[in-house]
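Engineer:
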Amino acid sequence: MSNLFFKCINPIELNDLLKTLNFKSNETFKDTKIHDIKDLVSADKDSITFYHSKKYKDFVQSTKASYCITSENLKKDLPKSCKSIIVKNVLISTALITEKFYPNSINDDFDNDVTAIEELSFHKDTKHGNNILIGKNVKIGSNCSIGHNTLIEKNVIIGNNCNLGSNIILRNTIIKDNVSILDNCVIGKKGFGFFPIKNGNYRYPHIGLVEINDNCEIGCGATIDRGSLSNTVIGKNTFLDNQIHIAHNVKIGENCIIAGQVGIAGSSIIGKNVKIGGQAGISGHLKIGDNVEIGGGSGVIKSIPNNLKVMGYPAKEIKKFLKENR
Amino acid sequence: MSNLFFKCINPIELNDLLKTLNFKSNETFKDTKIHDIKDLVSADKDSITFYHSKKYKDFVQSTKASYCITSENLKKDLPKSCKSIIVKNVLISTALITEKFYPNSINDDFDNDVTAIEELSFHKDTKHGNNILIGKNVKIGSNCSIGHNTLIEKNVIIGNNCNLGSNIILRNTIIKDNVSILDNCVIGKKGFGFFPIKNGNYRYPHIGLVEINDNCEIGCGATIDRGSLSNTVIGKNTFLDNQIHIAHNVKIGENCIIAGQVGIAGSSIIGKNVKIGGQAGISGHLKIGDNVEIGGGSGVIKSIPNNLKVMGYPAKEIKKFLKENR
Amino acid sequence: MSNLFFKCINPIELNDLLKTLNFKSNETFKDTKIHDIKDLVSADKDSITFYHSKKYKDFVQSTKASYCITSENLKKDLPKSCKSIIVKNVLISTALITEKFYPNSINDDFDNDVTAIEELSFHKDTKHGNNILIGKNVKIGSNCSIGHNTLIEKNVIIGNNCNLGSNIILRNTIIKDNVSILDNCVIGKKGFGFFPIKNGNYRYPHIGLVEINDNCEIGCGATIDRGSLSNTVIGKNTFLDNQIHIAHNVKIGENCIIAGQVGIAGSSIIGKNVKIGGQAGISGHLKIGDNVEIGGGSGVIKSIPNNLKVMGYPAKEIKKFLKENR
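Chains as they are written, first to last, in the working numbering: chain S, 232 to 557; chain F, 232 to 557; chain H, 232 to 557.
The following block contains the structure:
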């Protein structure tokens, strides 16, 4: 699927990409046109992909990409159909190539190309407050309400029967039906992802979106960052309380209840019917199973299988936690 | 006392209420007019009340309500003057009845019925910024200041000598004298209280208010949710730092000092002269005594008697905590 | 150096200052003019200073101040050139004197003396959104962008190539070049510092600033309070994620990376190249060395030497933490 919001500049000649990486090799690469950069799973034969950690070994073997940015020691895991491009730092090289395909995904300045909502025509039944600005490429379904001073920057699709509060900032976000977003949320900005380099940090591009599914409620002051290469997703019927932070690429399943001031770090995946108590934190790149319950204040630093109740820092089975702390 | 802000539709025939609950019984109930739904303590003989947990046994015996929503196993605790209405889920039934008495307490969409402050007449000495909107049923005392872009939605009473910052959203809130509310606070929205039901969550009504007493300071970015059946209360001279979350029905005593990023979950009661360090969290339905000190980062999961100093997660006596962690 | 933003009313006669303190002594003080109140290190011979804790013994011996507010038991540490003014509560007395020199540092009401940005002339290349208000004494460098509804109150200097998001509130802040401030930040308000007195809290004056150095990024919803007597400082190339709270007088070094929802309490000093994981908290008045790494969720209650990796609550060496929690 092509990217809904960020324009892909393509095709790009492989040799141009290699030049971007200052790539030097004894091998010669036949010049060819590359259409996109994708992760191992979604790449097709016209794509370039990347492989930077053994964790993804299961995926690499079936990738359809013709080229893969990787390192010397991982090279051997690639299928024959996929030619390796060996670099020093796989993630920085991937970021550079992504930026080349999606140059406008780097700039996250405020959206200056906005119009007062009164000058636009959405559904007649849209109820809206004062001082609302709307960017390009915004759709709003029927029977929605939008509170005062809310800013809907470019690239936002809102379904039917949605209630947006006041002082909200949205961009690069898809909201399905019957969703409530409460006051002061900031949704869809780039994530906190970058590589420390000499004299600063190199921010990698964020070409993913935020996707909020049917019947969700997002509490006041939430920050939900958009994904880097994939989307940040909030599943159907999931409710978030106030002051929650959801980092880039996080995926939360259906019917979850997440209490106030919880933070979920980048790329973690939360199952269905998960309950998370107030102020709990979940580290990045973890997998939390279905029906898991995480006690308030917990610090989760390991993945959790389905149906477990945990508490503590680091989080452990709740029975064990309570027994140890009698 | 009648509800200050949410209109009570009354009286309602008892049999109408029973129909709402799909209530079936061999007993017949004489039809009678019910005037309100109240908690066990504040109910009078024209009220219906509810009793869902042994925790409230002390209160149930002296309730003046004529009818009580309860469960089969709790029924026996009721005084003779109070007739039980046995249901499967006491809290959901209570929510349904509350919604019937207070239908307008369910909708928390942004307040569209607002007026620019320049078009209204408050005290001549009111100092105010730009882009301020005021809802119906708002009173502002003398010598107050209100910052830019602040939104005072319906049902707000502000005393004398109060300073409100900018970008604040207020509704359903009573603020007494000499109170400072700093920038970006959201005060008076419904709490994060609901019951998971098939295909979603059933939000229970919030007919309580937020009450902020004399000389308080509320730091930037605070969220203070209004109560469900009772009020959320901040006591006299209590100071809150930035980014604090106070859930519905919480009551905080006088002269408390609460540092940044603290979270207090629903219905907990905090005594007088309590000091709470930064990022500490307090679970719901707890009682924290007077003069308690809670160390920064603590996770409080049990009630704390007066005069204790605690720290840790779970919080324990600070001496014990420090000894164990030498 | 004179205070950049807060006007010092000087000189003040020493006897006037002593009257403010209700100071009584058998000693007589020759009347003399005092020019400022400063900390032990930056004071010169025309200044009054203060000394309230043994922790600062190293500094007191070389202070150049001619007068020092202190207590009976600390008096002996002063050099001969510095005359002691013995009071009951050194910090309250210091606050009273500071207020006398800087009367306008006490009032933190919203800035009413603002102008719409369209009516002002900054660099032609300034890109700005709607509904932006600017206070007195504001400078903006070239090639900056400022998002919608952002409020730049009095006393703000912004360098070149800075990007400010929307809904930001700034005051009493110096921002150097190439800095990004994301949406909803509140930067430069007074800190949460006061002394409990009878019937309330006595807030001490905040005459410090916030200083954000080159290439920093400050995430959404951050609160960074200005210093009391010294500045709050964010070092070059330091990146802050969303929902972070930085209290008054905190100093953070260069090249630090601080993840979401971290809180740093008043007057702590963080070294260079420090990494802090999400939701970690750092108590006040600590010193965190260079190259320290603090795991997500940690609670740091002691100073940390250079190059250490810590985790836990209370934070300890990460190897120890992981071993104990296997």
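Glycine included, every Cβ here is placed at the ideal spot set by N, Cα and C.
S/Val-541 to S/Ile-495, Cα distance in whole Å?
Structural biologist: Straight-line Cα distance between these residues: approximately 16 Å.
Engineer: Quick check on the DSSP output: what are the complete alpha helix (DSSP H) runs of length 4 or more inside the region 388–434 of chain F, in order along the chain?
Structural biologist: You should have found no qualifying run.
Engineer: Any beta carbon of chain H sitting closer than 8 Å to that of S/His-437?
Structural biologist: Chain H, which has no Cβ nearer than 8 Å to the Cβ of S/His-437, makes this no.
Engineer: Give me the residue from H/Leu-471, H/Ile-418, H/Ile-348 with the minimum Cα distance to S/Phe-425.
Structural biologist: The candidate whose alpha carbon is nearest that of S/Phe-425 is H/Leu-471.
Engineer: According to the Cβ coordinates, are S/Gly-419 and S/Val-441 closer than 8 Å?
Structural biologist: Cβ atoms of S/Gly-419 and S/Val-441: closer than 8 Å.
Engineer: Any beta carbon of chain B sitting closer than 8 Å to that of H/His-379?
Structural biologist: Of the protein chains in this structure, namely S, F and H, none is chain B.
Engineer: Could you tell me whether any Cβ in chain F is nearer than 8 Å to the Cβ of H/Val-417?
Structural biologist: H/Val-417 counts as touching chain F.
Engineer: For S/Ala-326 and chain H, any beta-carbon pair shorter than 8 Å?
Structural biologist: Chain H contact via Cβ: absent.
Engineer: Cβ of F/Gly-360 within 8 Å of Cβ of H/Asn-473?
Structural biologist: Result no, Cβ atoms of F/Gly-360 and H/Asn-473 do not sit closer than 8 Å.
Engineer: What are the residues that DSSP puts in a beta bridge with H/Ala-347?
Structural biologist: Paired residue(s): H/Leu-364.
Engineer: Using a Cβ-Cβ cut-off of less than 9 Å, give me the residues of the region 332–359 of chain F that come near chain H, in sequence order.
Structural biologist: Cβ contacts with chain H: Lys-358, His-359.
Engineer: What runs of the beta strand (DSSP E), each 3 residues or longer, lie entirely inside the region 289–350 of chain S?
Structural biologist: List check, beta strand (DSSP E) in window: 298–301, 314–317.
Engineer: Measuring only the C-alpha atoms, how far is F/Lys-319 from F/Lys-306?
Structural biologist: Looking at the two C-alpha atoms, the distance is approximately 12 Å.
Engineer: Return helix, strand or coil for F/Thr-454, following the three-state DSSP convention.
Structural biologist: Of the three classes helix, strand and coil, the one that applies to F/Thr-454 here is strand, per DSSP.
Engineer: Any idea if S/Pro-436 is buried or exposed, counting beta-carbon neighbours within 10 angstroms, 16 or more meaning buried?
Structural biologist: By the 10 Å Cβ count, S/Pro-436 comes out buried.
Engineer: Rounding to the nearest angstrom, what Cα-Cα distance links H/Ile-317 and H/Tyr-298 in this structure?
Structural biologist: Their backbone Cα atoms lie some 10 Å apart in a straight line.
Engineer: How long is the line joining the alpha carbons of H/Gly-512 and F/Ala-490, rounded to whole angstroms?
Structural biologist: Approximately 12 Å between the Cα atoms of the pair.
Engineer: Anything in chain F within Cβ reach of H/Thr-544, meaning under 8 Å, just list it in chain order.
Structural biologist: The sequence shown places Tyr at residue 544 of chain H, rather than the Thr named in the question. What H/Tyr-544 touches in chain F: Gly-528, Gly-543, Tyr-544.
Engineer: Can a CB atom of chain S be found closer than 8 Å to the CB of H/Asn-538?
Structural biologist: No - not a single Cβ of chain S is within 8 Å of the one on H/Asn-538.
Engineer: Determine the burial state of F/Ile-412: buried for a count of at least 16 other Cβ atoms within 10 Å of its Cβ, exposed for fewer.
Structural biologist: It counts as buried.
Engineer: Label F/Thr-454 either buried or exposed according to how many other C-beta atoms from any shown protein chain fall within 10 Å of its C-beta, with 16 as the threshold for buried.
Structural biologist: Buried.
Engineer: Spell out whether any CB of chain F is found under 8 Å from the CB atom of S/Phe-470.
Structural biologist: S/Phe-470 counts as touching chain F.
Engineer: Please report whether the beta-carbon of F/Lys-551 lies at a distance below 8 Å from any beta-carbon of chain S.
Structural biologist: Chain S contact via Cβ: absent.
Engineer: Excluding the five sequence neighbours on either side, which residues of its own chain have a C-beta within less than 8 Å of the C-beta of S/Val-531, listed in chain order?
Structural biologist: Closer than 8 Å at Cβ, skipping near neighbours: Ala-511, Gly-512, Ile-513, Ser-514, Leu-517, Ile-519, Ile-525, Val-541, Pro-545, Ala-546.
Engineer: Can you find a CB in chain F that lies within less than 8 Å of the CB of H/Leu-440?
Structural biologist: So, not an interface residue.
Engineer: Report the three-state DSSP secondary structure of H/Leu-460 (helix, strand or coil).
Structural biologist: Reduced to three states, the DSSP call for H/Leu-460 is coil.
Engineer: So is H/Arg-557 buried or exposed if we call it buried at 16+ other beta carbons inside 10 Å?
Structural biologist: Looking at its Cβ environment, which holds fewer than 16 other Cβ atoms inside 10 Å, H/Arg-557 is exposed.
Engineer: Can you tell me whether DSSP reads F/Glu-258 as helix, strand or coil?
Structural biologist: In this structure, F/Glu-258 counts as coil in the three-state DSSP scheme.
Engineer: For S/His-476 and chain H, any beta-carbon pair shorter than 8 Å?
Structural biologist: Output row for S/His-476: interface = yes.
Engineer: Within a Cβ cutoff of 6 Å, which residues of the same chain sit near F/Ser-376, ignoring the five residues on either side of it in sequence?
Structural biologist: Answer for F/Ser-376: Lys-358, Asn-394, listed in chain order.
Engineer: For the alpha helix (DSSP H) that F/Ile-279 lies in, which residues bound it at each end?
Structural biologist: Where F/Ile-279 is concerned, there is no enclosing alpha helix (DSSP H), although the beta strand (DSSP E) it sits in stretches over 278–281.
Engineer: Listing by chain order, which chain F residues have their CB less than 9 Å from the CB of H/Asn-398?
Structural biologist: Residues of chain F passing the Cβ test: Asn-380, Asn-398, Asn-415.
Engineer: Would you list, in chain order, the members of the region 421–436 of chain F that have their beta-carbon closer than 8 Å to a beta-carbon of chain S?
Structural biologist: Of all residues in the region 421–436 of chain F, Phe-423, Phe-425, Pro-427, Asn-430, Gly-431, Asn-432 have a Cβ within less than 8 Å of some Cβ in chain S.
Engineer: For H/Ser-498, collect the residues of the same chain with a Cβ closer than 6 Å to its Cβ; drop the 5 residues on either side in sequence, then sort them by chain order.
Structural biologist: Asn-480, Gly-515, His-516, listed in sequence order.
Engineer: Please compile the residues from chain S whose C-beta is within a distance smaller than 7 Å of the C-beta of F/Leu-364.
Structural biologist: Within 7 Å Cβ-Cβ: Asn-361, His-379.
Engineer: Under a three-way DSSP split, which group does F/Phe-552 fall into?
Structural biologist: Helix.
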